[in-house]
Amino acid sequence: MNLYATKGAVNARLIPLVDRLAAAGVTPDQVTLAAVPVAAIAGACVLASPQVPVLLLAVPLLAAVRIVLNLIDGNMARRTGRIHPRGELFNEVGDRLADIAFLVPVAFLPGASSQVVLLGVMTGLMASYVGITSKAAGGARLYGGILSKPGRMALLCICAVWAFLVGPADGTPWTVFGPLLLLGTGLTLLERIVTAVRRLP
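Numbered according to my numbering, the sequence shown spans residues 35 to 235.
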């Protein structure tokens, strides 16, 4: 399972929006960094959801905005010729900050195992690190895995909607979230390590 497989088709659909943003003077770096406050708002919604459950419905919307912003920045950089090393730094650091902002708040929700959730987040960060290190070592940037970034966002969105439907008194969605996150990120980490070892000289 690799949700990145649809990236090319989605990027093609975003070209008109990318061109309009570029014409308005928006830069790829601005788009990249915009994903961080979006993630912070989503994390705040997750934290406040036991008191205001309807905020959980904002999480899928904000996750979609994050993914779209992540697609737009690279698309815009290529189309406008604004590709530079600092942009890659912003992209990778911004992605890690956004992952933390989206996922760590779940550790503090009723029903969640904070240790398992935080370990799952750390394993996801390690999977991202391996993907980046593969490129730094002379290979390709690795994005695959069952819980790559789109997969992590999909899992969070499913559990957020489930938690809204059952209500804050039932912590089952967040009880399930941690083990699934840890299992998925663990498999993703393993896959990327194996792929990197096979591809690198």
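Glycine included, every Cβ here is placed at the ideal spot set by N, Cα and C. Keep in mind that this is a model prediction, so the values were computed, not measured.
- In this chain, the alpha helix (DSSP H) harbouring Tyr163 covers 148-170.
- When only Cα atoms are considered, Arg120 and Val102 end up about 20 Å apart.
- Cβ contact annotation for Arg186 (same chain, cutoff 8 Å, sequence separation greater than five): Asp133, Phe136, Leu137, Gly158, Leu215, Gly218, Thr219, in chain order.
- A contact between stretches requires three or more CB pairs, one per stretch, nearer than 8 Å, and the stretch 57-77 fails this requirement with the stretch 150-167.
- The stretch 146-153 and the stretch 95-111 do not touch, with fewer than three beta-carbon pairs separated by less than 8 Å.
- By the criterion of a C-beta distance shorter than 8 Å, Gly201 is surrounded in its chain by Pro87, once the five residues flanking it on both sides are discounted.
- A buried status is given to Arg226, since no fewer than 16 other beta-carbon atoms sit within 10 Å of its beta-carbon.
- Per DSSP, reduced to three states, the secondary structure at Pro144 is coil, with no helix or strand assignment.
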